[in-house]
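Peer 1:
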Amino acid sequence: MIIPELPFKSRFVSACDGLPLHVRDYGSALDRGVPVVCLPGLTRTSSDFGPLASAMTAGLFGAPRRVLALDYRGRGDSGYDRDWRNYSLEIENGDILSVLTALGIERAIFIGTSRGGLHAMLLSASRPCTLHAVVLNDIGPVLEPIGIARIRGYAGKTPAPRSIPDAIDLLKHLMSEHFSGLSEEEWRIYARMTFCDASGRLAPRYDPRLVKPFDSLDLEQPLPDLWAQFDGLRDTPLLIIRAKNSDLLSPETLAAMEKRRRRCEILIVPGQGHPALLIDRTSIARICEFIARVDPTPPEPADGARKNLS
């Protein structure tokens, strides 16, 4: 059963260059728990975190807490950049810092899916004091070329579906080999998260030009790694999630990460590929339980919210 999504506020923050950045704001700044900041993947949006954010906001598995889910520039409801070269990790990391400053977030728990996990690792250098804890969802310091090649093969080329059933069929065509364990309900949620905007219009929710930096990648050569940035998380509580069928985070890289960080926690999500969707109750409960351990804030009554999710 999928956790239903609670209401959120849409906030807009100006990047340093004036581009509007959209943030989903779940919960309240008065919530006692350390806030959570959710960072999506390359072509993904804040909508990916709806079920997870709702569970945390409601205090379903711990203290109710505020959750912020970001749309990077060129994704979701954020502005599209005139210059595709600004769709870079460096510029986006600066955007994240702008959002944190504008919304008064001094310290947070970061959940980074794929590219979002790269940003979390980069924050260990750009603003380490912000990191209360980190969840890396199907990402590590080493990216497998086969996974990059697969993403490059479809990103920016996906057509707009005509309907939700059409969107489901399209995703199954692209992803069923990797997401072998999804229920029909989960495929439907995946399709809505991928293609459906606030008005119900169906289309890819990103600027197709943001994949242009991939054109210059030579996948026959070793890709730069982020071991130095990962090691910057050595004193930060860490949960690493790997989708069982992932082609971007290998078992070997996961083992190396665990060896360098013996106190980290590991979650393997069966029947899913890159990245784990984080919409099933088992994954959501494990993430929330990890957060409750690293921020053991006593929960306050949240009966109304809990009833809405029961």
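Take 8 as the starting number for the sequence shown in the working numbering and just add one per residue. Cβ coordinates follow ideal geometry from the N, Cα and C atoms, glycine included. Bear in mind the structure is a predicted one, so any value in this text is a computation, not a measurement.
If you follow the alpha helix (DSSP H) that D32 is part of, which residue opens it and which one closes it?
Peer 2: D32 -> not in any alpha helix (DSSP H); beta strand (DSSP E) instead, spanning 27 to 33.
Peer 1: Where L177 and G119 are concerned, what is the direct C-alpha to C-alpha distance, given to the nearest angstrom?
Peer 2: Roughly 25 Å between the two C-alpha positions.
Peer 1: What first and last residue would you give for the alpha helix (DSSP H) that runs through K266?
Peer 2: From DSSP, the alpha helix (DSSP H) with K266 extends over 258 to 267.
Peer 1: Does DSSP put H281 in a helix, in a strand, or in coil?
Peer 2: The answer is coil: DSSP assigns H281 none of H, G, I, E or B.
Peer 1: Thinking C-alpha only, which one of R169, D24, I98 is nearest L209?
Peer 2: Of the listed residues, the one whose Cα sits closest to L209 is R169.
Peer 1: Quick check on the DSSP output: the alpha helix (DSSP H) that includes N144 runs from which residue to which?
Peer 2: Taken as a continuous stretch (DSSP letters only), N144 belongs to no alpha helix (DSSP H), being part of the beta strand (DSSP E) at 138 to 144.
Peer 1: Using the DSSP secondary-structure output, state which residues sit across from Y213 in a beta bridge.
Peer 2: Note: Y213 sits in a beta bridge opposite R82.
Peer 1: Quick one: using the 10 Å Cβ neighbour count with 16 as the cut-off for buried, is R31 buried or exposed?
Peer 2: R31 comes out buried.
Peer 1: E12 and P58 - do their beta-carbons sit closer together than 8 Å?
Peer 2: A contact, by the Cβ cut-off of 8 Å.
Peer 1: In or out: A132 buried (at least 16 other Cβ within 10 Å) or exposed?
Peer 2: Classification for A132: exposed.
Peer 1: Counting along the chain, where does the beta strand (DSSP E) carrying I273 start and finish?
Peer 2: Unbroken beta strand (DSSP E) run through I273: 272 to 276.
Peer 1: Assign S85 to one of two classes, buried (16 or more other C-beta atoms within 10 Å of its C-beta) or exposed (fewer than that).
Peer 2: Buried.
Peer 1: Quick check on the burial criterion: 16 or more other C-beta atoms within 10 angstroms. Buried or exposed for G66?
Peer 2: Its Cβ being crowded by 16 or more others within 10 Å, G66 is buried.
Peer 1: Closest to L284 by CA distance: which of A263, E99, N93, H185 is it?
Peer 2: When each option's Cα is compared against that of L284, the closest is H185.
Peer 1: Going by DSSP, what residue range makes up the beta strand (DSSP E) through G119?
Peer 2: From DSSP, the beta strand (DSSP E) with G119 extends over 115 to 120.
Peer 1: Three-state secondary structure (DSSP) at L59?
Peer 2: Reduced to three states, the DSSP call for L59 is helix.
Peer 1: Consult DSSP for C295 and reduce its assignment to one of helix, strand or coil.
Peer 2: Helix at C295.
Peer 1: Leaving out five residues on either side along the sequence, give the residues of the same chain with a beta carbon under 6 Å from the beta carbon of G163.
Peer 2: Within the same chain, G163 has close Cβ partners P215, V218.
Peer 1: Just to confirm, are D102 and Y79 a CB contact at a threshold of 8 Å?
Peer 2: It is a contact, given that the beta carbons lie within the stated cut-off.
Peer 1: Classify I9 as helix, strand or coil using the three-state DSSP reduction.
Peer 2: Coil, per DSSP.
Peer 1: Roughly how many angstroms separate the alpha carbons of E191 and A198, rounded to a whole number?
Peer 2: Looking at the two C-alpha atoms, the distance is approximately 11 Å.
Peer 1: When the cut-off is 8 Å and only beta carbons count, does R208 lie next to chain C?
Peer 2: This model lacks chain C altogether, as it is built from one protein chain only.
Peer 1: Going by DSSP, which residues form a beta bridge with K16?
Peer 2: DSSP lists D32 as partners of K16.
Peer 1: For L224, which residues of its own chain have a beta-carbon under 8 Å away from its beta-carbon, when the five flanking residues on both sides are left out?
Peer 2: So the qualifying residues of the chain are I155, R159, L230.
Peer 1: Would you check if the region 267 to 276 and the region 240 to 254 touch, i.e. whether three or more CB-CB distances between them fall below 8 Å?
Peer 2: Yes, the region 240 to 254 touches the region 267 to 276.
Peer 1: Is it buried or exposed, E151, if we count other Cβ atoms within 10 angstroms and call 16 or more buried?
Peer 2: It is buried - the Cβ of E151 has at least 16 other Cβ atoms within 10 Å.
Peer 1: If you compare alpha carbons, which of G34, V276, S121, R73 is closest to G48?
Peer 2: Measuring from the Cα of G48, the nearest candidate turns out to be S121.
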